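First comes the structure, then the notes that go with it.
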Amino acid sequence: MQLHFSPSMRSITISSNSNNNNNGFIDLMKIKVAARHISYRTLFHTILILAFLLPFVFILTALVTLEGVNNCSSFDCLGRRLGPRLLGRVDDSGRLVRDFYKILNEVKAGEIPPDLKLPDSFDQLVSDMKNNQYDAKTFAFMLRGMMEKLEREIRESKFAELMNKHFAASSIPKGIHCLSLRLTDEYSSNAHARKQLPPPELLPLLSDNSYHHFILSTDNILAASVVVASTVQSSLKPEKIVFHVITDKKTYAGMHSWFALNPVTPAIVEIKSIHQFDWLTRENVPVLEAVENQNGIRNYYHGNHIAGTNLSDTSPRKFASKLQARSPKYISLLNHLRIYLPELFPNLDKVVFLDDDVVIQRDLSPLWEIDLEGKVNGAVETCRGEDEWVMSKRFRNYFNFSHPLIARNLDPDECAWAYGMNIFDLHAWRRTNIREIYHSWLKENLKSNLTMWKLGTLPPALIAFKGLVHPIDPSWHMLGLGYQNNTNIESVKKAAVIHYNGQSKPWLQIGFEHLRPFWTKYVNYSNDFLRNCNILES
Numbered sequence: 205m206q207l208h209f210s211p212s213m214r215s216i217t218i219s220s221n222s223n224n225n226n227n228g229f230i231d232l233m234k235i236k237v238a239a240r241h242i243s244y245r246t247l248f249h250t251i252l253i254l255a256f257l258l259p260f261v262f263i264l265t266a267l268v269t270l271e272g273v274n275n276c277s278s279f280d281c282l283g284r285r286l287g288p289r290l291l292g293r294v295d296d297s298g299r300l301v302r303d304f305y306k307i308l309n310e311v312k313a314g315e316i317p318p319d320l321k322l323p324d325s326f327d328q329l330v331s332d333m334k335n336n337q338y339d340a341k342t343f344a345f346m347l348r349g350m351m352e353k354l355e356r357e358i359r360e361s362k363f364a365e366l367m368n369k370h371f372a373a374s375s376i377p378k379g380i381h382c383l384s385l386r387l388t389d390e391y392s393s394n395a396h397a398r399k400q401l402p403p404p405e406l407l408p409l410l411s412d413n414s415y416h417h418f419i420l421s422t423d424n425i426l427a428a429s430v431v432v433a434s435t436v437q438s439s440l441k442p443e444k445i446v447f448h449v450i451t452d453k454k455t456y457a458g459m460h461s462w463f464a465l466n467p468v469t470p471a472i473v474e475i476k477s478i479h480q481f482d483w484l485t486r487e488n489v490p491v492l493e494a495v496e497n498q499n500g501i502r503n504y505y506h507g508n509h510i511a512g513t514n515l516s517d518t519s520p521r522k523f524a525s526k527l528q529a530r531s532p533k534y535i536s537l538l539n540h541l542r543i544y545l546p547e548l549f550p551n552l553d554k555v556v557f558l559d560d561d562v563v564i565q566r567d568l569s570p571l572w573e574i575d576l577e578g579k580v581n582g583a584v585e586t587c588r589g590e591d592e593w594v595m596s597k598r599f600r601n602y603f604n605f606s607h608p609l610i611a612r613n614l615d616p617d618e619c620a621w622a623y624g625m626n627i628f629d630l631h632a633w634r635r636t637n638i639r640e641i642y643h644s645w646l647k648e649n650l651k652s653n654l655t656m657w658k659l660g661t662l663p664p665a666l667i668a669f670k671g672l673v674h675p676i677d678p679s680w681h682m683l684g685l686g687y688q689n690n691t692n693i694e695s696v697k698k699a700a701v702i703h704y705n706g707q708s709k710p711w712l713q714i715g716f717e718h719l720r721p722f723w724t725k726y727v728n729y730s731n732d733f734l735r736n737c738n739i740l741e742s
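Each residue of the sequence shown is one higher than the one before, starting from 205 at the first, in the numbering used here.
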């Protein structure tokens, strides 16, 4: 590049004669300087600066063109590209992110190298990166391997936790077992523990329909004491309460001792064992005997719960539901006993049946005033409510609709209802064939090797009571306190009956701590039998 000044300094010519101009073409730039408008010194400095800057501008323009700046269609675009370079600042973050996404997609689609050694911690990962100078792809493979390993370990731990919880829920706590043994021993040595319940003068009230009759079927003495105590203490008319507690032969003596030594006056309590009901014979209950004695059934409930289960194809939530359905209580006659209430209490017209894991918090006498409109079973429906886990149950949740017999006879969208607190019109029940339908479907399920539903009391009852259920207000019966710990406490306080259905029973260590006080408030921890069995308030 050359500068030519005219003798008068009125004009300056800038010329460039580069090596590329082999044809002799010369680039000229001629500047005329107007008189009296600008000093020669200023003009000289300006031209000098331009002379130094122009080569750099040419070079940058060439670089930008090579990088694709020719795609820009406006000066604004070109400015955005050139500006950072002219100022010495180049932002490559966008290109880096795009390159990283590309690498991640390659790693996602590829296989983790078998010889890749995965670090055990983030610190080790950083150390390995520094020492071995891994490229970005190897780093991404290591991250993927670490995350997949962590996911497997978490999943295995979750399933192990569910199994341990299932075993804990199925076992009998040492204190409750001790209580049963001590009270049984008391029955044999203490005449007061053997006194007749109720006294002879009150026997006619056991079949008096002007009283409010509650039926409870259980072999858990401590749980039974809470159900009875909470019902009586919450009642506005405790003198009108009659409790019929049904238990098995091994628990009868201990159950009788408890209520004989701890009366709940003015309420009346009757204790009966299954073997004391003449009606409960093999001829009348053939299916239930088969359920208890069939090896396949017993192995299903007491065998290996992991065998045959593909844990990779199921979620922890589904696995928990399957474990819950395999509780050994489902093959106990005590659990099926509710289907025989009209025969076991032939003189009663209306009763409330309670499970042993409920707590009564409000007077239940208004239940007898509910008009069931000719239906047999007054129950809370479980297909609608705020709790999506507990109150979202329809027939599809209980039955296998791939079985042709189920698909042909049932509607998967039909609303389910809850056991645990039910008002039964036994007078209307006796005009139906509920028991026969119940037995028939149990037999079909046994013949199909439990493929229609996993054995339990509710699925066959949903079929047997079909069309005979009268929905009652959900505030009467709140479920799910044994399923999840995020139960709304304010809703618990307002419910008439709270139900700890699920594995986390309040008398177990796996019970939810913040829900347990609603149950323990009805336990008399000062009782000598409880203290001697180390059943203490936590």
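For glycine and all other residues, C-beta sits at the position ideal for the given N, C-alpha and C. As the structure is a computational prediction, the values presented were derived from the model and not from experiment.
Asked, Found
"Reference residue 546, options 378, 631, 303, closest by Cα", "631"
"Backbone CA spacing between residue 626 and residue 396 [nearest angstrom]", "34 Å"
"Cutoff 6 Å; reference residue 365; Cβ partners in own chain excluding five residues on either side", "none"
"Any C-beta of chain D under 8 Å from that of residue 584", "The displayed structure is made up of one protein chain only, and chain D is not part of it."
"Between the CA atoms of residue 309 and residue 360 - distance to the nearest angstrom", "28 Å"
"Buried versus exposed, by CB contacts within 10 Å (16 or more), residue 420", "buried"
"Spatially closest choice to residue 410 from 553, 691, 629, 558, by CA coordinates", "553"
"Whether residue 384 touches residue 425 by CB criterion (8 Å)", "yes"
"Beta-bridge pairing of residue 621 - partner residues as DSSP gives them", "585"
"Per-residue DSSP class, three states only, for residue 675", "strand"
"Distance CB(residue 445)-CB(residue 472) smaller than 8 Å", "yes"
"DSSP three-state assignment for residue 730, whether helix, strand or coil", "coil"
"Beta-carbon contacts of residue 442 that lie in its chain and below 7 Å, excluding the five residues immediately before and after", "436, 470, 471"
"Burial state of residue 606, where buried means 16 or more other Cβ atoms lie within 10 Å", "exposed"
"Where residue 345 sits in the DSSP three-state scheme", "helix"
"Close beta carbons around residue 661, own chain, < 7 Å, minus the five adjacent residues each side", "534, 539, 540, 623"
"At least three beta-carbon pairs within less than 8 Å, the stretch 662–669 to the stretch 641–649", "yes"
"Pair within 8 Å by beta-carbon distance, residue 620 and residue 601", "yes"
"Nearest neighbour of residue 319, chosen from 653, 328, 334, 342 [CA to CA]", "342"
"The stretch 695–712 / the stretch 558–573 touching (three or more Cβ pairs under 8 Å)", "yes"
"Beta-carbon proximity list for residue 327, same chain, < 8 Å, skipping 5 on both sides", "none"
"Segment limits, beta strand (DSSP E) that includes residue 477", "472–477"
"Minimum C-alpha distance to residue 561 - residue among 483, 549, 702", "702"
"Whole-angstrom C-beta distance between residue 711 and residue 427, which should lie under 8 Å", "6 Å"
"Assigned secondary structure, residue 274 (DSSP; H/G/I helix, E/B strand, else coil)", "The pLDDT assigned to residue 274 is 47, lower than 50, so where the model puts this residue is not dependable, and the model offers no usable value."
"Rounded Cβ spacing between residue 408 and residue 474 (contact assumed at less than 8 Å)", "Incorrect: roughly 12 Å between the Cβ atoms, too far for contact."
"Residue 389 in three-state terms, based on DSSP", "helix"
"Bridge-paired residues (DSSP) for residue 598", "619"
"Exposure of residue 483, with buried meaning 16 or more beta-carbon neighbours within 10 Å", "exposed"
"As assigned by DSSP and simplified to three states, the class of residue 381", "helix"
"Under 8 Å between C-beta atoms of residue 386 and residue 738", "no"
"Same chain, Cβ closer than 7 Å to residue 188, neighbours up to 5 away in sequence not counted", "Any answer about residue 188 is impossible in this case: the structure gives the chain only from 205 up to 742."
"Backbone secondary structure at residue 451 - three-state DSSP", "strand"
"Integer-rounded CB distance, given that residue 349 should sit under 8 Å from residue 316", "5 Å"
"Assumed close pair residue 731, residue 673 - CB separation to whole angstroms, cut-off 8 Å", "Rounded, the Cβ-Cβ distance is 39 Å, inconsistent with contact."
"Spatial distance of residue 596 from residue 677 (CA atoms)", "16 Å"
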